[in-house]
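K.L.:
Once you've had a glance at the structure underneath, I'll fire off some questions.
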Amino acid sequence: MRIPFLSFLLMLISQSIFCQISLSDFKYEPTAAYPYGRPNPEAPEPIKDYKMLIGLSDCKSLTRNNEGEWRKDSVDVIWRFKYIMNGMAVQDESLKADQVHTSSIRQYDNKEGKWYVTFYSSALPSKSITAWEGGMKGEEMILYKEQKAPNGMDGFFKITFYDISEKGFNWKGEWVDKDEKFIYPTWHLFCTKRN
């Protein structure tokens, strides 16, 4: 009886040591001390592009109605950014008072020199994943995804983070033609950092 017990005990001890060693390798994940994680020093330098957005922000969301007019009332949003994948990527989640919640995963490709951002919404499960592409241009984060206009014209949906500071940031979504001569804003978010 002692041999099986000792074997079992050794197996538990080895698994415990393995788990402790393995978990210590993920020191850039969110923890009690760092609830939004930390950038991994091995990550591409642009991982810090989102440093001012990391944390919780209280936002007001303003969109157009079906007639194309701006809605009179904004929607309250809590927007949370954090480092994930052991500090190698950034995830954001928005919790909205209208119960349409969203999330994105942001990964930087060093070879391409740009960010790839995938988007998910509770309103419509993603059957196929597409990505916005882009990066910092001056003080703004600008991302594009090809999208046709309702009339069939080729163009992009353009996302811009702007007025970024320790106090907050603003965000806008707009449809633009290929030359960006025609711009049609569809969505604005005005955000104040909570922490």
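Letter by letter, the sequence shown follows residues 18 to 212 of the numbering used here.
Note that beta-carbon positions come from the ideal geometry of N, C-alpha and C, so glycine has one too.
1) Three-state secondary structure (DSSP) at Asp126?
2) Using the C-alpha atoms, what's the distance from Asp42 back to Cys36?
3) Among residues of its own chain, excluding the 5 on either side of Gly185, which ones have a beta-carbon nearer than 7 Å to its beta-carbon?
4) Which residue wins for smallest C-alpha separation from Cys76, given the options Trp192, Asn187, Thr203 and Ile200?
5) Alpha carbon to alpha carbon, how far is Lys44 from Asp171? Give it in angstroms, no decimals.
6) Expressed to the nearest angstrom, what Euclidean distance is found between the alpha-carbon atoms of Phe143 and Pro58?
7) Pull up the CB-CB distance for Tyr100 and Gly54, whole angstroms please, since I reckon it's below 8 Å.
8) Taking its Cβ as the centre, do 16 or more other Cβ atoms sit within 10 Å of Pro56, making it buried, or is it exposed?
9) Starting from Val92 and walking both ways along the beta strand (DSSP E), at which residues does that stretch end?
10) Residues in the same chain with beta-carbon distance under 7 Å from Asp180, minus the five sequence neighbours each way, listed in chain order, please.
P.N.:
So, to answer that:
1) By one-based count along the sequence shown, residue 126 stands at place 109. Asp126: strand per DSSP, three-state reduction.
2) Here residue 36 refers to the residue found at position 19 of the sequence shown. Here residue 42 refers to the residue found at position 25 of the sequence shown. Summary for Cys36: the model assigns pLDDT 48, below 50, so the residue's position carries little reliability; its value from the coordinates is reported in the next sentence. Whole-angstrom Cα-Cα distance: 10 Å.
3) Reading the sequence shown from its first residue, position 168 is the one you call residue 185. Excluding residues within five positions, the ones whose Cβ falls inside 7 Å are Ser74, Cys208, Thr209 and Lys210.
4) Taking the sequence shown and counting its residues from 1, one reaches residue 76 at position 59. Of the candidates Trp192, Asn187, Thr203 and Ile200, the one whose C-alpha sits nearest the C-alpha of Cys76 is Asn187.
5) Here residue 171 refers to the residue found at position 154 when the sequence shown is read from its first residue. Here residue 44 refers to the residue found at position 27 when the sequence shown is read from its first residue. The straight-line gap from Cα to Cα measures roughly 45 Å.
6) Numbered from its first residue, the sequence shown carries residue 143 at position 126. Numbered from its first residue, the sequence shown carries residue 58 at position 41. According to the sequence displayed, residue 143 carries Ser and not Phe. Going by the C-alpha atoms only, they are around 32 Å apart.
7) On the sequence shown, position 83 is the one that residue 100 refers to. On the sequence shown, position 37 is the one that residue 54 refers to. Indeed they touch by this definition, with Cβ atoms about 3 Å apart.
8) In the sequence shown, the residue the question calls residue 56 occupies position 39. When all chains shown are included, Pro56 counts as buried.
9) Sequence index remark: in the sequence shown, residue 92 carries index 75 (1-based). Run containing Val92: Val92 to Ile101, per the beta strand (DSSP E) assignment.
10) Your numbering for residue 180 matches position 163 in the sequence shown. Correct list, in chain order: Phe186 and Asn187.
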